[in-house]
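Below is one structure, written out as C-alpha cells; the observations come after it.
Number of protein chains: 2
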Amino acid sequence: MGKESTRDRILAAAKELFYREGIRSVGIDAIVTRARVTKPTLYYYFESKDALVAAYLDERNGAILSSLAKTVEATPGKIEDRIAAIFESIAKATPNPRWKGCPIIRGAAEFAADPEHEVRRIASTHKKRVELWLTQILEKEKIAGAALKARQVGVLLDGAIIHAFMHGDPDYARAAGAAARCLLRT
Amino acid sequence: MGKESTRDRILAAAKELFYREGIRSVGIDAIVTRARVTKPTLYYYFESKDALVAAYLDERNGAILSSLAKTVEATPGKIEDRIAAIFESIAKATPNPRWKGCPIIRGAAEFAADPEHEVRRIASTHKKRVELWLTQILEKEKIAGAALKARQVGVLLDGAIIHAFMHGDPDYARAAGAAARCLLRT
DNA sequence: GTCTATAGCTTGATAGAC
DNA sequence: GTCTATCAAGCTATAGAC
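Chains A and B, in that order, are what the protein sequence lines are. Residue numbers for the first sequence follow our numbering, so the first one is 647 and each next one is one higher. Residue numbers for the second sequence follow our numbering, so the first one is 647 and each next one is one higher.
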C-alpha cells in the first residue's frame with residue numbers, strides 16, 4: 647500500500663478529474679498538476695491523452711464489474727431481490743453530489759462523433775460484459791429466456807442511472823428496479 | 647419557406663454540428679463557416695456559445711416531443727402497441743450512421759460536471775415533459791398506476807437509445823419495447 | 001525518469017469600420 | 001447587421017538537459 651508509483655499517481659489523478667469534469671474538458675495540465683508531475687513525465691508513461699483515457703476506462707470497466715458482482719453476492723433471497731439490490735445501490739448513490747452517473751456511458755457520449763474511437767469500443771465491450779454476466783446469473787437460476795431478460799435488465803440499469811443522474815432523484819432507480827422485478831417474475 | 651434569416655442559418659448550422667460532433671468539440675469557427683457568416687455576426691444574435699447551445703437544445707426539446715406524439719397518434723391498436731411503436735422507431739433509426747442517440751442526453755453528459763448549467767436544466771425539464779406526456783396517455787387509457795408505469799417506460803426509452811447507439815444494434819430497442827409491453831400488460 | 005522551456009495550434013470573444 | 005482584424009488563454013505534444 648505504501649508504494650505508489652508515478653504511473654499510479656497519474657492514473658489516479660486522471661480518474662478523479664475525468665469522472666468529475668468530463669474527459670474533453672480536462673486538460674493534461676490539470677492532470678499533471680494534481681499528480682504532482684510534469685508533462686513530459688506523463689507522456690513518458692502514456693503515449694497520448696487518448697491512451698490515458700483508454701487506461702482510465704479500462705480500469706473503470708473492471709471496477710464496475712467487480713462492484714456489481716459484489717452487490718449481487720452480498721444480497722440473499724430470490725434472484726429478483728438480488729438484481730433489485732443493484733438498482734437500490736444506484737438509488738443510494740444518487741444523492742451524493744460527487745456521483746455523476748456511469749463514467750463509461752459519459753465517455754461514449756463525449757466521443758459520439760467517432761464510432762471507431764477506442765473509447766467507443768471499450769464502452770460497447772463493457773456493456774456487453776455486464777449483459778453476459780447477467781445472462782449467466784439468470785441461467786444459473788433456471789430463468790426462462792435468460793438472454794432476453796438480461797438484455798432488458800441491462801437497458802433498465804443504464805436508463806435508471808441516466809434518469810437518476812439527470813433529475814438527481816433516486817426514485818428513478820427504484821422505479822426501474824421495480825420494473826426489473828416485474829420482468830423477472832414473468 | 648424561401649425566407650431564411652441569418653439567425654435561422656446559424657441555428658441550423660449549430661444543430662447539425664452539435665448533433666454530429668458534440669457540443670464541446672464544435673467551435674464557434676466551425677459554426678460560422680457552415681452558416682456562411684462571421685463571428686461578430688453570430689455574437690450579434692447569440693450572447694455566447696452557451697446561449698446558442700441553449701437555443702439548440704430548446705429546439706430539440708420541442709421537436710422530440712412532437713415526434714413522439716406523432717408516432718403514437720399514427721399507430722392504431724392497443725396502448726402497448728402504440729407505445730411499442732416508439733421503441734420500433736428507435737430501432738429503425740439505429741442502423742443510420744447519422745443517428746447518434748438523443749441530443750439531450752448527450753448534452754447532459756457533456757455538462758455532467760456542472761449541475762447548475764442551463765444545459766442540465768433543459769435536459770431535466772425535457773425528460774420530465776416526456777414522462778408527463780406518457781402519464782397522460784396512460785391515464786386516458788385507464789391504466790392502473792399510470793405515473794409509475796410512465797416513469798418506467800421513460801427509463802426504458804432512454805436505456806434503449808443508449809444501448810442501441812453504443813452497440814449500433816437495433817435489437818436493444820426492440821428488447822426494451824418488449825419489456826415496456828410486459829410492464830403495460832400487468 | 002524527471003525536469004525546464006516552448007512549439008504550434010485552436011478556442012471563445014471583442015474593437016472598431018462601414 | 002455585417003465585416004476585417006485581432007486578442008488572451010487554452011490545448012496537446014515535444015526537444016533537449018540532467
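Glycine is no exception: its CB is placed at the ideal position from the N, C-alpha and C atoms.
For a contact meaning CB atoms closer than 9 Å, what does residue i contact in chain B?
i, result
"A676/A", "Residues of chain B passing the Cβ test: none, with the nearest at roughly 12 Å."
As a quick exercise: from the options, pick the residue whose alpha carbon is nearest that of residue i.
i, options, result
"F664/A", "I732/A, E756/A, A737/A and P686/A", "E756/A"
"A821/A", "T687/B, T832/B, E764/B and V799/B", "V799/B"
"A754/B", "I669/B, P722/B and T721/B", "I669/B"
"L740/A", "D817/A, T717/A and L780/A", "For the sequence presented, residue 740/A should be read as Thr rather than Leu. Residue D817/A is the option with its Cα nearest to T740/A."
"R744/B", "L688/A, P761/A, K738/A and W745/A", "P761/A"
"V683/B", "K773/B, R728/B, P722/B and I656/B", "I656/B"
"R728/A", "T832/A, K773/A, S651/A and L780/A", "L780/A"
"A790/A", "T832/A, K695/A, R766/A and K773/A", "T832/A"
Alpha carbon to alpha carbon, what distance is there between residue j and residue i?
i, j, result
"R680/A", "Q782/B", "50 Å"
"N742/B", "I750/B", "19 Å"
"L711/A", "K724/A", "21 Å"
"I807/B", "E705/B", "19 Å"
"K788/A", "S735/B", "33 Å"
"V678/B", "D815/B", "35 Å"
"D675/A", "A697/A", "16 Å"
"A796/B", "R827/B", "12 Å"
"A730/A", "L794/A", "17 Å"
"K715/A", "L784/A", "It is Ala, not Lys, that sits at residue 715/A in the sequence shown. Roughly 13 Å between the two C-alpha positions."
"R653/B", "A737/B", "34 Å"
"A792/B", "R752/A", "30 Å"
"F905/B", "S651/B", "Outside the displayed span of chain B (647 to 832) sits residue 905/B, for which this structure offers no information."
"K685/B", "A825/A", "49 Å"
"R766/A", "T721/B", "34 Å"
"S713/A", "K773/B", "29 Å"
Is the beta carbon of residue i sitting closer than 9 Å to the one on residue j?
i, j, result
"L830/B", "E726/B", "yes"
"E667/A", "A759/B", "yes"
"V628/B", "L802/A", "The question about residue 628/B has no answer here: the residues shown for chain B are numbered 647 through 832."
"K661/A", "Y690/A", "no"
"G805/B", "I732/B", "no"
"A810/A", "G747/A", "yes"
"M887/B", "A819/A", "No information on residue 887/B is available, as it lies outside the stretch 647 to 832 that chain B covers here."
"E764/A", "V699/A", "yes"
How would you write the range of the alpha helix (DSSP H) that residue i sits in, first residue to last?
i, result
"S713/B", "K695 to E719"
"H813/B", "A792 to H813"
"K844/A", "Since the first residue of chain A shown is 647 and the last is 832, residue 844/A is not available in this structure."
"R653/B", "T652 to E667"
"A731/A", "I725 to A739"
"C748/B", "No alpha helix (DSSP H) contains C748/B, which DSSP labels as neither H nor E."
"V672/B", "First-last for V672/B: undefined, no H or E at that position."
"D817/B", "D817 to R831"
"P686/B", "K685 to Y691"
Residues of chain B with CB closer than 7 Å to the CB of residue i, please, in chain order.
i, result
"K746/A", "A758"
I want to verify the contact list: residues of chain B whose CB lies under 8 Å from the CB of residue i, in sequence order.
i, result
"Y818/A", "R797 and V801"
Given 8 Å as the limit, tell me if residue i has its C-beta closer than that to any heavy atom belonging to the ligand SAM.
i, result
"A755/A", "No copy of the ligand SAM occurs in the structure displayed, which carries no ligand at all."
For residue i, which residues in chain A fall below 7 Å Cβ to Cβ?
i, result
"K738/B", "The premise fails here: K738/B is roughly 17 Å from chain A at the closest Cβ pair, so nothing lies under 7 Å."
"S713/B", "By Cβ distance, chain A contributes nothing, its closest Cβ being about 19 Å from S713/B, past 7 Å."
"E667/B", "A759"
"T832/B", "C828"
Under 8 Å between beta-carbons, which chain A residues line up against residue i? List them in chain order, please.
i, result
"A700/B", "Those within 8 Å of A700/B in chain A number zero; the least Cβ separation is about 16 Å."
"I783/B", "Within 8 Å Cβ-Cβ: nothing; I783/B doesn't reach chain A, min ~17 Å."
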